[in-house]
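Numbering (our numbering), first residue to last: 390 to 1292.
Encoded structure:
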C-alpha cells in the first residue's frame, strides 16, 4: 500500500517571518507573566482556570498553540496533589526554558531547533515530512491507544523496527461520533515491511506511515540489538557503550529515558522496552521488577490485575512509556503474544486512594518560589551540586534566575533518577489443562463485559473441554465472579491455578476461592476432570483436619478449613468433600455435630442433600431433636426424601390415623380427623402450629388444623396417596371438606416438588391448582413433566396465549426442541402479520414482545437460523423484519461461539 500523495507547497517567507514575529512577541509577554508569578510568589498566584485561560488565549493569538495547551493543562490539572507546588513550578520553568530557547532559535542545532518549534506549535506540513528520508524496516506494532476529547479521536500507535531497533510513534486523528482512522500500521502483534518518515526533531520519534513493501505477518519475539563498541544516538552523536544497547532491565530503561531527555528537556514521555521483568504489587506500589531486584514504579494504570494475570509472576517483556512519574505500561509480550495491559472498560480503583505521595515540606527552591523572590532569595547550595554549579553562574532578574534553576533541577532530577527496589514475587503454579482457544477467549471477554444472556450456554459447552483461561483474562473472570455468584463456579474453574494466584494478591478476590470448592483452584491445576465426570476422591480434600494445625492462609481451601474457617468457608469445604466422598463428609459432620454452634447447623445439615442415602438417616434423626426449628425442618425435609426411612413410615402411619378414606364406587371421600393438640412425636417430626408461614383461616380466625394437614401431606411419601386414594388424577378428584381441600392440595404440591414426581406433577398441573401460592409454583410443576408432554402443551397455545407461553418456556431444556422452536417462530410471524394489518396499534410491535424475542435468541437451536431467515423474508412489516434479522444474527453469534470452543 502506498501512502497518499501530498502536494508540496513552498512556504511564503514573508508569512513565515510574520508568524515568527508574532510568536516572539507573544512569548515575550508570557515570559514577563511567568516572572511576575515567581516574583510575587506562587502562593499568591491566581489559580483560577480563567487566569490561565486568558494567557492561553493570548498564546493562541500569538500562533503558539502547543504553549497554550500547556497552560490549559495547568489550569485543569490536579491541584490537590501533595507535590502540586513543585509540579506547577516545574511547568512554569519549562515554559521559561522554551522561551529562552526560542530567542536563540537561529543559533541552535537544526534538530534542537526543530524540537523547539514542535513544542511551541509551529506547523509541520505532512508533505514536508514525507520529503525527509524514509526509514525502511519490518515495523512491529507493539501497542495502540485510542482516546477522545470532545469529538476529536486520537489514535497513537507504537512501532519498533525489527532490524534498526528504532521507535516510531504514529499519531492519527479522526473527527466525529464514529471515528474512521486510515489503514496504516498493522494491529498489535503483527508486523510489515514498510517505510516511515520521521518528523524533524531530537530525538526522532513521531513519524508518518509511508509505503508498504509486503504483507502483514505475526511476530512472536522482539529482537534485541547486538552490543557494539561505538554506539550512536538517534541525534547522530556518538555515545559510550552501555547496557541500553540491549534495552534489558530497569536501569537500561532509565538510561534510555535520560538520553532522550538530554536531547529534549521538554520531553514528557519516551517509549522503553523492558525484557525479563515481572509486574508485581508491592504493598500500595505497582512496580516492574527485574531479576536484580531493581524496580520501576508503574503509573497511569487504573487496574494492574490484567497485567499481573498475564505475567503470572514470570518474567515478560513490557512495552511502556517512561515519564516523570514512572512507567506507563502499554503492552507486554508473553508466550509469543502481545497483550494489552489495560482493560477496555477499566474504572479507577477506589482502593488506590491511599496510594499517594506523602505530604512533606517543600524543598528550598519550591519554598522560594511559593514566597516569591521579592520576599526570599534563592540559596543555590540547597540544589544538587551539578545544578548548583550552573545556577551560580546565572545572572539577571531573580525571577528569571529561579525559573532557570527550576528547569535545570527538574531535568537533572528526572535524568538522574535511579531505580527503586522490590522483592521478586512468587510465580503462579503451572496449569496443565488445555488453553482456551484465542477466538473463544476474546468472545468470552466481550460477553462478560455486556453480561450476555448466552453465557450459560457457553459455560455448558466449555465444561467437557475443561479449558484454562489465558492469564490476561483471569482478572475479568475474577471481577465477574465477585459480582455475580450465579456464574462464579464456572468462572473460577476457568481461572484455575493462575486465577487463584492472582486472587491471593487482591484485597477482596482472595475470598472467592475460600468460598468455593477446591476443584476450581488447586485441583484444577492437577488436571482433575470437571464435576460432571466420575473423579476419584481427592486425597487432599478427603484427609481429616490436622489436630493443632494453624488456620489456613487467606484464600486457601484445605482440610484445616473445617476446623478454623468461617461458616461460609466450612460449608463450602464440606460441600466439596460431600461431592467426592459422601461417607467421609457425613462422618466428619457426625463427629462435629454435638459441638457445632447453633447459627450454622442448618446450613451444614443441608449439605447432605447431595448424595443423600440411608446412611445419613441416623444423623438426620438426631437432628430432629435439635432445639432450633430451622434445623428440625431441614432434617425433616431430607428424611422425607428417603421413602424407606423410619421417618417416612411414621408419616404414613400418622396420615392413616388423621385421614380416613372411603371408596363408594367411583367416588372417593377423604374424612379429616386431626387431633386437637399435637403430641411430642408429631412435633419432633417437624409438624408445628406455624401461623407466619401458613395463613389459612376458618370462620375468621387462624386455622391451625389446616396448617398441620399441609405439613403432613408435604412430607408423606406420595406412594401412600396412590395406595390409599388411587392414581393421582383420581386422588385430586376425591371429595374433601371445604375447610381442608386447599391445604391438602398445597401439601401435595409441596411433596411433588420435593420428591420430584413427574406423574403427580402432570396431574397437579392439569388440575389447575387454583391457590395463589400454587400459581407461583406452576412453572416448577411444569418442569417436572416429561419433555414431550411439555412440548405438546406449549404447541397447543396460539398467539392469544403468549403470556402463558412466556411463563412456561423457562421450564424447557436448552436448546428448545425443534418442533417447539418452529411453533415459537410461527407465533412471532403471526404477531408480525397482525402488526402489519393494524399499523400503529399499541402492543403489536416487536417492543411489546421483547422478552419472548430475547428468550428465542437465547434458546432456539442454532440450526434454526434458516427458519428465522425465511420468516424475515415473509415479513413485510419493517420493525418486525429488523427484529427477525437481529434474531438471525444472534443465532449466528451463538453458532460461531460454539464452533470456537471446538478448535
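The beta carbon of each residue, even a glycine, is placed where N, CA and C say it ideally should be.
Asked	Found
Cβ-Cβ distance between residue 605 and residue 524 below 8 Å	no
Cβ neighbour criterion (16 or more within 10 Å) applied to residue 638	buried
Euclidean distance between Cα positions of residue 1213 and residue 1289	28 Å
Alpha-carbon spacing of residue 880 relative to residue 866, whole angstroms	6 Å
Residue environment, residue 1185, which counts as buried when at least 16 other CB atoms sit within 10 Å	exposed
DSSP three-state assignment for residue 606, whether helix, strand or coil	strand
For residue 1247, the nearest candidate out of 799, 1204, 600 (CA to CA)	1204
8 Å CB neighbourhood of residue 1335 in its chain, flanking five on each side removed	Because the chain is modelled from 390 through 1292, residue 1335 falls outside the range shown and cannot be assessed.
Cα-Cα separation, residue 894 to residue 675	12 Å
Distance CB(residue 527)-CB(residue 581) smaller than 8 Å	yes
Distance CB(residue 453)-CB(residue 409) smaller than 8 Å	no
Strand pairing of residue 523, partner residues [DSSP]	586
Pair within 8 Å by beta-carbon distance, residue 464 and residue 442	yes
Backbone CA spacing between residue 568 and residue 855 [nearest angstrom]	40 Å
With 16 other Cβ atoms within 10 Å as the buried cut-off, status of residue 564	exposed
Contacts around residue 850, its chain only, beta-carbon distance under 7 Å, and the 5 residues preceding and following it disregarded	1287, 1290
8 Å contact criterion, which residue 1012 and residue 994 should meet: CB distance rounded	6 Å
Three or more C-beta pairs below 8 Å linking the segment 817-829 and the segment 782-792	no
Residue of 1276, 1241, 1071 minimising C-alpha distance to residue 1257	1276
Buried versus exposed call for residue 1046 [16 or more other C-beta atoms within 10 Å across all chains shown]	exposed
Proximity below 8 Å, CB of residue 1147 to CB of residue 1106	no
Among 1070, 1072, 1048, nearest to residue 1062 - alpha-carbon criterion	1048
With 16 other Cβ atoms within 10 Å as the buried cut-off, status of residue 954	buried
Cβ-Cβ distance between residue 573 and residue 683 below 8 Å	no
Proximity below 8 Å, CB of residue 596 to CB of residue 541	no
Segment contact flag, the segment 655-669 with the segment 705-722, C-beta cutoff 8 Å, min 3 pairs	yes
8 Å contact criterion, which residue 799 and residue 479 should meet: CB distance rounded	4 Å
Beta-carbon gap between residue 387 and residue 534 smaller than 8 Å	Given a span of 390 to 1292 for the chain in the structure shown, any question on residue 387 remains unanswerable.
Selected residue, minimal CA-CA separation from residue 1272, among 1283, 1260, 1282	1260
Range of the contiguous beta strand (DSSP E) that encloses residue 560	556-564
Reduced DSSP secondary structure (H/G/I, E/B, other) of residue 1084	coil
The segment 485-494 contacting the segment 755-773, beta-carbon criterion three pairs below 8 Å	no
Residue 543, DSSP secondary structure in three states	strand
Beta bridge counterpart(s) of residue 1214 as assigned by DSSP	Note: residue 1214 sits in no beta bridge, so no partner.
Residue 1055 versus residue 1130 - alpha carbon distance	19 Å
Runs of beta strand (DSSP E) lying entirely within the segment 442-472, each at least 3 residues, in chain order	none
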